[in-house]
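A.B. asks: Please read through the structure below; I'll follow up with questions.
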Amino acid sequence: MDLHDYVELIALLFWVICAVSGYVLGRVHFKNKRLEKLRLITSNLMKSYIRIYDQENLSDEKKINRVGNAVVDGLKSKGFKLNEQEVEDIFAAVAKQINSTDEAQDK
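By full-length UniProt numbering, the letter at position 36 of the sequence shown is numbered 36, and the numbering carries on one by one without gaps.
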């Protein structure tokens, strides 16, 4: 093997490293993009449903259940697949939002 062969091997190695890096970074980018889209849609759905259910005379637990279920159903209809942890996080965020809304109305 002469010097030219070593240069070609190094170029091939750099090409493989770039291809693998591009694949990995692309996966990370699209995963973060999906999570950001999920966060935005969840936030918008949650605020909309909380405004709707605030007009009804319901207990906080019923509001939380109805808003949480509506948000989960809305996300599933938009094509998101949610695991149990994400559903629990949505219900916790709804409860936090409803409690903060109630505290603001009490003042």
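Even for Gly, the Cβ is constructed at its ideal location relative to N, Cα and C.
Everything numeric in this text was worked out from a predicted model, so none of it was measured.
With a threshold of 8 Å, are at least 3 pairs of Cβ atoms found where one atom belongs to the segment 57–66 and the other to the segment 84–100?
C.D. replies: These segments touch.
A.B. asks: For the alpha helix (DSSP H) holding residue 59, just list the boundary residues, first then last.
C.D. replies: One-based indexing of the sequence shown puts residue 59 at position 59. Run containing residue 59: none; DSSP gives neither H nor E here.
A.B. asks: Just the C-alpha distance for residue 33 and residue 8, rounded to the nearest angstrom, thanks.
C.D. replies: Taking the first residue of the sequence shown as position 1, residue 33 is located at position 33. Taking the first residue of the sequence shown as position 1, residue 8 is located at position 8. Near 37 Å, if we compare the C-alpha coordinates of residue 8 and residue 33.
A.B. asks: Would you grab the beta carbon distance between residue 98 and residue 71 for me? Rounded to a whole angstrom, and I think it's under 8 Å.
C.D. replies: Along the sequence shown, read from residue 1 onward, the residue named residue 98 stands at position 98. Along the sequence shown, read from residue 1 onward, the residue named residue 71 stands at position 71. Wrong, their Cβ atoms sit about 12 Å apart, outside the cutoff.
A.B. asks: Determine the DSSP secondary structure at residue 75, reduced to helix, strand or coil.
C.D. replies: The count along the sequence shown starts at 1 and reaches residue 75 at position 75. Helix, per DSSP.
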